[in-house]
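Line by line, the protein sequences give chains A and B. At position 456 of the first sequence (counting the first as 1) the number is 456 in UniProt numbering, and the numbers step up by one without a gap. At position 281 of the second sequence (counting the first as 1) the number is 281 in UniProt numbering, and the numbers step up by one without a gap. Backbone N, C-alpha and C fix where the C-beta goes; we use that ideal spot for every residue, glycine too. Take a look at the structure below.
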Amino acid sequence: MAALETPQSSTLRQAFGNVLSVFILLLIGILAFSIRLFSVIKYESVIHEFDPYFNYRVTQFLTKNGIYDFWNWFDDRTWYPLGRVIGGTVYPGLTLTAGTLWRILNSLNIPLSVETVCVFTAPIFSAFASWAAYLLTKEVKGVGAGLTAAALLAMVPSYISRSVAGSYDNEAVAIFALIFTFYLYIKALNTGSLFYATLNAISYFYMVCSWGGYTFIINLIPMHVLLCIVTGRYSSRLYIAYAPLVVLGTLLASLVPVVGFNAVMTSEHFASFLVFIIIHVVALVYYIKGILSPQMFKVAVTLVVSIGLIVCGAVLAVLIAMVASSPTKGWSGRSLSLLDPTYASKYIPIIASVSEHQPPTWPSYFMDINVLAFLVPAGIIACFLPLSDASSFAVLYIVTSVYFSGVMVRLMLVLAPAACIMSGIALSEAFGVFTRSIKFQLPGVTQNSPVNAGDTGNVMQNDVVKTEKSEDSLKERPSRKNKKKEKDNVERASVVPKTEKRLSVLPLEASVIAIFLLVLLGAFYVVHCVWAAAEAYSAPSIVLTSRSHDGLHVFDDFREAYGWLRHNTEVDDKVASWWDYGYQTTAMANRTVIVDNNTWNNTHIATVGTAMSSPEKAAWEIFNSLDVKYVLVVFGGLVGYPSDDINKFLWMVRIGGGVFPHIKEPDYLRDGQYRIDSQATPTMLNSLMYKLSYYRFVETDGKGFDRVRNTEIGKKYFKLTHFEEVFTTHHWMVRIYKLKPPKNRIRGKTKKAKSKASSKRSGTLKNNPWH
Amino acid sequence: MAIFPNLTTAVPLLLLFIFSLLTPHASTLSDDSIVSELSALQSQSSTGVIHLNDPLLRRILSLPTPRPFDFLIFFDAQQLHSKAELSLPTLKSEFSLVSSSFYTNHPDEKSLLFFFDIEFQESQSSFALFAVNSLPHIRLIPPSAIDLKKDSIQMDASDFSRLAESMAEFIESRTKLSVGPVHRPPIVSKKQIAFIAVAILIWTPFFLKKLIAGNTFLHDKNIWMAGAIFVYFFSVSGAMFNIIRKMPMFLADRNDPSKLVFFYQGSGMQLGAEGFAVGFLYTIVGLLLAFVTHLLIRVKNRTAQRVTMIIVLFVSFWAVKKVVFLDNWKTGYGIHAYWPSSWQ
Numbered sequence: 001m002a003a004l005e006t007p008q009s010s011t012l013r014q015a016f017g018n019v020l021s022v023f024i025l026l027l028i029g030i031l032a033f034s035i036r037l038f039s040v041i042k043y044e045s046v047i048h049e050f051d052p053y054f055n056y057r058v059t060q061f062l063t064k065n066g067i068y069d070f071w072n073w074f075d076d077r078t079w080y081p082l083g084r085v086i087g088g089t090v091y092p093g094l095t096l097t098a099g100t101l102w103r104i105l106n107s108l109n110i111p112l113s114v115e116t117v118c119v120f121t122a123p124i125f126s127a128f129a130s131w132a133a134y135l136l137t138k139e140v141k142g143v144g145a146g147l148t149a150a151a152l153l154a155m156v157p158s159y160i161s162r163s164v165a166g167s168y169d170n171e172a173v174a175i176f177a178l179i180f181t182f183y184l185y186i187k188a189l190n191t192g193s194l195f196y197a198t199l200n201a202i203s204y205f206y207m208v209c210s211w212g213g214y215t216f217i218i219n220l221i222p223m224h225v226l227l228c229i230v231t232g233r234y235s236s237r238l239y240i241a242y243a244p245l246v247v248l249g250t251l252l253a254s255l256v257p258v259v260g261f262n263a264v265m266t267s268e269h270f271a272s273f274l275v276f277i278i279i280h281v282v283a284l285v286y287y288i289k290g291i292l293s294p295q296m297f298k299v300a301v302t303l304v305v306s307i308g309l310i311v312c313g314a315v316l317a318v319l320i321a322m323v324a325s326s327p328t329k330g331w332s333g334r335s336l337s338l339l340d341p342t343y344a345s346k347y348i349p350i351i352a353s354v355s356e357h358q359p360p361t362w363p364s365y366f367m368d369i370n371v372l373a374f375l376v377p378a379g380i381i382a383c384f385l386p387l388s389d390a391s392s393f394a395v396l397y398i399v400t401s402v403y404f405s406g407v408m409v410r411l412m413l414v415l416a417p418a419a420c421i422m423s424g425i426a427l428s429e430a431f432g433v434f435t436r437s438i439k440f441q442l443p444g445v446t447q448n449s450p451v452n453a454g455d456t457g458n459v460m461q462n463d464v465v466k467t468e469k470s471e472d473s474l475k476e477r478p479s480r481k482n483k484k485k486e487k488d489n490v491e492r493a494s495v496v497p498k499t500e501k502r503l504s505v506l507p508l509e510a511s512v513i514a515i516f517l518l519v520l521l522g523a524f525y526v527v528h529c530v531w532a533a534a535e536a537y538s539a540p541s542i543v544l545t546s547r548s549h550d551g552l553h554v555f556d557d558f559r560e561a562y563g564w565l566r567h568n569t570e571v572d573d574k575v576a577s578w579w580d581y582g583y584q585t586t587a588m589a590n591r592t593v594i595v596d597n598n599t600w601n602n603t604h605i606a607t608v609g610t611a612m613s614s615p616e617k618a619a620w621e622i623f624n625s626l627d628v629k630y631v632l633v634v635f636g637g638l639v640g641y642p643s644d645d646i647n648k649f650l651w652m653v654r655i656g657g658g659v660f661p662h663i664k665e666p667d668y669l670r671d672g673q674y675r676i677d678s679q680a681t682p683t684m685l686n687s688l689m690y691k692l693s694y695y696r697f698v699e700t701d702g703k704g705f706d707r708v709r710n711t712e713i714g715k716k717y718f719k720l721t722h723f724e725e726v727f728t729t730h731h732w733m734v735r736i737y738k739l740k741p742p743k744n745r746i747r748g749k750t751k752k753a754k755s756k757a758s759s760k761r762s763g764t765l766k767n768n769p770w771h
Numbered sequence: 001m002a003i004f005p006n007l008t009t010a011v012p013l014l015l016l017f018i019f020s021l022l023t024p025h026a027s028t029l030s031d032d033s034i035v036s037e038l039s040a041l042q043s044q045s046s047t048g049v050i051h052l053n054d055p056l057l058r059r060i061l062s063l064p065t066p067r068p069f070d071f072l073i074f075f076d077a078q079q080l081h082s083k084a085e086l087s088l089p090t091l092k093s094e095f096s097l098v099s100s101s102f103y104t105n106h107p108d109e110k111s112l113l114f115f116f117d118i119e120f121q122e123s124q125s126s127f128a129l130f131a132v133n134s135l136p137h138i139r140l141i142p143p144s145a146i147d148l149k150k151d152s153i154q155m156d157a158s159d160f161s162r163l164a165e166s167m168a169e170f171i172e173s174r175t176k177l178s179v180g181p182v183h184r185p186p187i188v189s190k191k192q193i194a195f196i197a198v199a200i201l202i203w204t205p206f207f208l209k210k211l212i213a214g215n216t217f218l219h220d221k222n223i224w225m226a227g228a229i230f231v232y233f234f235s236v237s238g239a240m241f242n243i244i245r246k247m248p249m250f251l252a253d254r255n256d257p258s259k260l261v262f263f264y265q266g267s268g269m270q271l272g273a274e275g276f277a278v279g280f281l282y283t284i285v286g287l288l289l290a291f292v293t294h295l296l297i298r299v300k301n302r303t304a305q306r307v308t309m310i311i312v313l314f315v316s317f318w319a320v321k322k323v324v325f326l327d328n329w330k331t332g333y334g335i336h337a338y339w340p341s342s343w344q
């Protein structure tokens with residue numbers, strides 16, 4: 001019956017298919033958006049964690065003061081007394097995006113607060129990201145694979161973890177930019193259109209604005225170009241896709257203040273320039289090959305190769321000289337630890353200390369990409385059968401990203417889109433084969449024409465394939481004015497095996513079982529993703545909950561503490577804490593901090609680490625020299641909150657000891673073990689962190705039992721000499737101490753000092769009637 | 001290798017010994033003579049590490065206490081070199097690396113810090129003197145040390161965990177001397193580098209010619225495919241974790257040492273064998289799926305197709321089930337669906 005189809009009905013089918021695709025994509029977008037709302041439903045519409053608070057604060061500044069003030073913003077409320085040039089050190093993409101969104105909404109008379117816009121930016125952009133994944137996969141393997149990949153990406157847990165509502169961080173928009181840049185590159189490569197190449201450079205610019213991970217793009221695309229050249233796939237389309245990206249992309253990238261001249265000065269970008277030279281040499285070779293006879297060409301090859309080698313050698317020498325002149329060989333620590341995975345753990349404790357820079361174990365893969373881990377190999381193989389420029393790029397993407405994710409668990413985020421694309425291809429191919437097998441072996445069909453069953457199926461399928469193809473080529477024709485012989489060859493090559501394959505089918509009942517199992521696998525994926533979104537990744541970490549037999553407990557201590565600081569301290573008071581809480585303190589308490597999560601100055605952080613590891617008096621001196629008024633520690637011993645400062649303390653010691661050698665890690669360890677019970681070392685028990693965490697702790701239960709470390713603490717009764725407790729939150733999770741004023745030593749000046757002190761005290765009294 | 005330094009140091013040691021016999025009051029010897037002897041011994045050793053024995057140690061200790069130098073002793077035992085978990089040979093070579101780096105960095109401070117190694121078989125009384133009963137053991141003896149057990153400083157395990165670099169840090173923190181950068185011998189010598197460079201230079205034009213002609217192993221897509229699958233397998237098995245954390249392939253059971261533990265419960269850690277096993281399971285399902293969709297479909301024989309497919313489906317189902325089970329066991333997560341409450 002299909003063979004009788006008129007052209008009209010086939011176009012109708014096409015149109016129907018397109019409408020259906022659009023509808024599916026719409027649903028996928030809704031799915032991507034709504035699966036990320038668990039955090040709002042379960043908790044509240046609130047910004048999450050640490051970095052998002054900084055981004056939120058910057059966005060507030062942007063919406064209030066406009067773009068020029070934002071660009072020139074020098075923030076004196078962090079990194080006291082150094083300050084920080086925010087405009088020049090921040091990736092502005094996310095902030096500008098949310099700011100623009102807010103402005104548009106306001107101009108449409110939709111009065112949303114900046115916070116609401118910030119909370120929902122990430123879910124909106126994950127919908128965009130899944131659409132971008134559809135486009136990219138469609139370029140690689142067609143519409144079916146594209147839709148599957150988009151659906152998978154909409155709910156891949158790894159991406160959900162960074163883009164739930166409230167997780168207002170760079171990655172949320174950067175993943176969209178990453179996929180979209182890749183799509184435009186592939187599109188430019190497939191069509192050879194300069195339009196897409198230019199768009200690609202602009203999209204790359206957006207990526208550079210958004211995330212430091214843009215170096216992945218500017219290394220992956222040159223790698224792919226090189227791969228294409230080496231495997232003999234050079235074409236003018238490749239040149240068109242690549243050269244504008246390097247030229248325009250680099251120019252645009254250096255417009256972003258935080259990148260600036262890094263775009264041409266650091267080794268991370270050198271690969272692209274090297275490949276840029278190589279592609280020109282190769283282009284020249286192909287050009288000469290075109291105008292010369294084969295005989296002459298052989299002579300010319302020797303000439304060109306030798307000249308090309310000399311040029312490459314010279315450039316390489318310059319590059320090596322430039323690289324060698326810088327101590328880290330021009331690579332940032334994070335990139336170096338990707339190339340040499342053991343690098344960070346050896347030399348940079350501040351990078352090694354962050355849990356998301358650790359290498360993952362196998363359960364992380366199951367948690368973050370779930371059943372996709374099973375499907376990816378099938379996708380890789382499908383990309384090789386047949387191999388095209390686009391599919392080779394997809395393979396390169398998955399291979400590099402899977403390697404990087406193996407080094408740093410954080411880069412699982414880059415792997416997730418690749419895994420979705422690969423699994424989308426694999427699933428779509430598998431479904432294609434199995435449904436075909438069922439369709440042409442259904443009892444009804446075989447009864448009608450038992451002998452020719454396969455053949456009729458074949459004819460019909462060919463028809464469909466042809467229409468698909470013709471439509472494809474129709475689409476591409478305008479942009480493919482300069483006919484490329486190679487491309488036609490490639491296409492023909494890809495059509496031929498398809499027609500062969502159509503002949504062959506798998507046994508009916510086995511196919512049915514296989515489809516059933518694949519659907520089961522997909523269902524399991526959905527269940528897992530929804531569970532991960534709801535349970536694992538939606539906690540805002542600023543509000544904590546715990547479920548016990550007597551119901552739900554909510555720990556809102558952080559906001560309580562920051563609120564206290566905001567209302568009870570002077571505007572210009574300085575608050576010292578470990579760097580994790582810097583962003584939150586500036587954003588929520590609006591107080592100046594010494595260090596924050598932008599760990600740009602290791603020495604400064606080491607100073608705070610040293611103070612926390614020192615005995616009270618030495619710590620007081622350090623803090624006093626930094627004008628610190630209040631010290632904030634996070635303590636989980638009462639409620640069993642494991643990521644508190646005592647558990648982070650060894651890193652403070654390590655980072656402090658890295659700069660100030662009198663702090664030595666072994667002094668805090670008893671026989672190499674970190675403990676806070678009666679076996680703890682005296683240095684540990686006398687350190688400021690121990691004292692501030694456990695001060696008066698014994699009064700809670702009479703024993704001083706720490707629920708995180710599961711021991712009784714070593715030193716229970718002690719007094720503070722240089723600090724006084726001013727506030728402890730409801731569950732003791734945040735404790736705030738004030739530095740005592742210095743003792744007066746000189747008799748003659750007693751009066752003066754006293755009057756000063758009393759006037760200060762009265763000042764605080766006015767502000768704080770309860771204190 | 002090990003015999004040579006012994007022989008070269010043995011002769012002067014013998015001489016020294018005779019010399020000390022001839023002079024009955026060895027303790028009256030001036031500091032200078034011992035220091036110069038040690039310097040002589042030091043210059044004979046290629047790395048600057050002096051082989052210590054009981055008489056020599058006794059003579060050094062007989063010096064009046066603030067001695068003019070610090071010294072480090074590496075306690076060695078040939079019989080334990082075969083035990084991999086102690087990694088004595090590595091530590092010893094790292095120790096000599098620190099020594100040679102120190103002497104090249106500070107040629108004028110050669111007599112302020114001496115490096116010794118001492119062998120358990122021949123100098124058991126010295127081991128007893130320091131009360132050393134477990135290896136690896138490295139000890140720093142400051143100039144003022146009188147009671148060897150109390151006054152000398154033992155290098156902690158953390159101080160040689162990062163090999164030569166951390167040893168150098170230890171020395172810097174405990175003495176007033178700085179070792180400076182550690183000069184590791186490059187993995188390939190300069191001659192080898194030159195040879196490789198020349199070889200590459202000669203090979204490049206030939207390779208380029210082949211490349212343009214379009215027949216190298218690089219044009220064989222099966223190699224690329226195998227490589228890609230391998231990298232995937234390598235990464236998802238968490239092999240990088242095993243490399244960075246230096247995880248063993250398996251552990252001995254604590255309760256029953258004869259049993260081996262291959263799977264570690266707790267998501268923060270994994271063992272080598274465990275990672276590869278699960279990585280294999282991850283990979284095999286995809287490979288089988290690809291096999292069915294691309295290869296099996298071309299087989300003409302219906303029965304063969306049917307049998308193979310049943311096997312493939314069974315294996316895949318088993319692999320997925322196994323991984324799900326292992327993951328639930330390892331992480332302790334209870335993944336569950338959210339059914340409408342009226343269904344329950």
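Apart from the five residues just before and just after residue i, which ones in its own chain have a Cβ nearer than 8 Å to its Cβ?
{"i": "B:F291", "result": "V312"}
{"i": "A:E500", "result": "In this predicted model, A:E500 has a pLDDT of only 44, less than 50, meaning its place in the structure is not dependable enough to derive any value."}
{"i": "residue 816 of chain A", "result": "With chain A covering only 1 through 771, there is no way to say anything about residue 816 of chain A."}
Tell me which residues share the same chain as residue i and place their Cβ nearer than 6 Å to its Cβ, disregarding the 5 neighbours each side in the sequence.
{"i": "A:E509", "result": "none"}
{"i": "B:G180", "result": "N105"}
{"i": "A:W564", "result": "F727"}
My guess is that residue i and residue j are in contact by the Cβ rule of under 8 Å, so how many angstroms apart are they, rounded?
{"i": "A:I713", "j": "A:Y694", "result": "5 Å"}
{"i": "A:A149", "j": "A:Y134", "result": "7 Å"}
{"i": "A:I41", "j": "A:M155", "result": "Their Cβ separation, rounded to whole angstroms, is 16 Å, which puts A:I41 and A:M155 out of contact at 8 Å."}
{"i": "A:A619", "j": "A:M612", "result": "7 Å"}
Pick out whichever of the options has its Cα sitting closest to the Cα of residue i.
{"i": "B:S173", "options": "B:L140, B:A304, B:S93, B:R254", "result": "B:L140"}
{"i": "A:N686", "options": "A:V22, A:L720, A:S546", "result": "A:L720"}
{"i": "B:I171", "options": "A:Q673, A:P661, A:I310, A:S254", "result": "A:P661"}
{"i": "A:A523", "options": "A:C383, A:L372, A:K648", "result": "A:L372"}
Given that a residue counts as buried once 16 or more other Cβ atoms are within 10 Å of its Cβ, and exposed if not, what is residue i?
{"i": "A:D572", "result": "exposed"}
For residue i, which residues of its own chain have a beta-carbon under 7 Å away from its beta-carbon, when the five flanking residues on both sides are left out?
{"i": "B:S237", "result": "G275, F276, V278, G279"}
For the pair the region 389 to 407 of chain A and the region 292 to 311 of chain B, tell me if three or more CB-CB distances fall below 8 Å. no
Three CB pairs or more closer than 8 Å across the region 152 to 166 of chain A and the region 409 to 419 of chain A: yes
Evaluate the contact criterion for the region 525 to 540 of chain A versus the region 324 to 340 of chain B: three or more CB pairs, one atom per stretch, below 8 Å. yes
Below 8 Å, how does it come out for the region 71 to 81 of chain B and the region 117 to 131 of chain B: are there three or more Cβ pairs, yes or no? yes
Stretch-stretch touch, CB-based, cutoff 8 Å, three pairs: the region 198 to 216 of chain A with the region 93 to 106 of chain A: yes
Cβ contact check for the region 45 to 52 of chain A and the region 127 to 146 of chain A: 3 or more pairs under 8 Å: no
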